[in-house]
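Participant:
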Amino acid sequence: MKKKRLFKIIVSIFFLLLISGTIFWFTAIFRIPLQKKTRVVNGKEILAWVADTQSAREQGLQNIIWLPKSTGMLFVFDQPGQYCFWNKNTPRSLKLIFMRDGKVTEEANLQSIWKGEQTVCPVHDIDSVLEMIE
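Quick note on the numbering used here: the sequence shown kicks off at 58 and runs consecutively.
#1: What are the start and end residues of each continuous alpha helix (DSSP H) run of 4 or more residues lying completely inside the region 118-174, in chain order?
#2: DSSP three-state label for glutamate 102, please.
#3: Can you give me the Cβ contacts of methionine 130 inside the same chain, cut-off strictly under 7 Å, excluding the 5 residues immediately before and after it?
#4: Can you tell me whether leucine 153 is buried or exposed, with buried defined as 16 or more other CB within 10 angstroms of its CB?
#5: For lysine 65, write down the residues that DSSP places opposite it in a beta bridge.
#6: Alpha helix (DSSP H) containing glutamate 115: first to last residue?
#7: Just reading off the beta strand (DSSP E) that aspartate 184 is part of, what are its end residues?
#8: I'd like to check one pair, aspartate 182 with arginine 157: are the Cβ atoms closer than 8 Å?
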């Protein structure tokens, strides 16, 4: 009897942790303390959290598994350059839209970390990148 009761307690704790962890993951994006901007990209309006500091750019969308539709993160750089992006701690595949002076120069896909480590670099100098979950 004691073993059955202990098993039920352990299973209950496991599911409680699983549910609370899921809630944490799904709400992580809403805790990002960054300003938001609306951008029109390829005729589509996107609400983006702005990553305009080094620490915000390094964090990016790491550990985010869900975003509302038509949202993402806008990486803004002080000077144009060829800034590379990696898939560190990204459980979802990402779409990258590289821009210069507000115009799209190229697009790329960044696979989830589950498909292996990957780095994507633009061909041309850019000054901003919009990153969205695919």
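For glycine and all other residues, C-beta sits at the position ideal for the given N, C-alpha and C. Predicted, not measured: the structure shown is a model, and the values here were computed from it.
Facilitator: In terms of the structure at hand:
#1: none
#2: Taking the sequence shown and counting its residues from 1, the one referred to as residue 102 is at position 45. The answer is strand: DSSP assigns glutamate 102 an E or B state.
#3: Position 73 of the sequence shown holds residue 130. So the qualifying residues of the chain are Ala105, Trp106, Ala108, Gly117, Leu118 and Glu188.
#4: To locate residue 153, count along the sequence shown from 1; it is residue 96. The residue is buried, with at least 16 neighbouring Cβ atoms inside 10 Å.
#5: Counting from one through the sequence shown, the residue named residue 65 turns up at place 8. Its beta-bridge partners do not exist; DSSP assigns none.
#6: To locate residue 115, count along the sequence shown from 1; it is residue 58. 111-116 is the extent of the alpha helix (DSSP H) around glutamate 115.
#7: In the sequence shown, residue 184 corresponds to position 127, counting from 1. Run containing aspartate 184: 183-190, per the beta strand (DSSP E) assignment.
#8: Counting from 1 along the sequence shown, the entry for residue 157 is found at position 100. Counting from 1 along the sequence shown, the entry for residue 182 is found at position 125. Result yes, Cβ atoms of arginine 157 and aspartate 182 sit closer than 8 Å.
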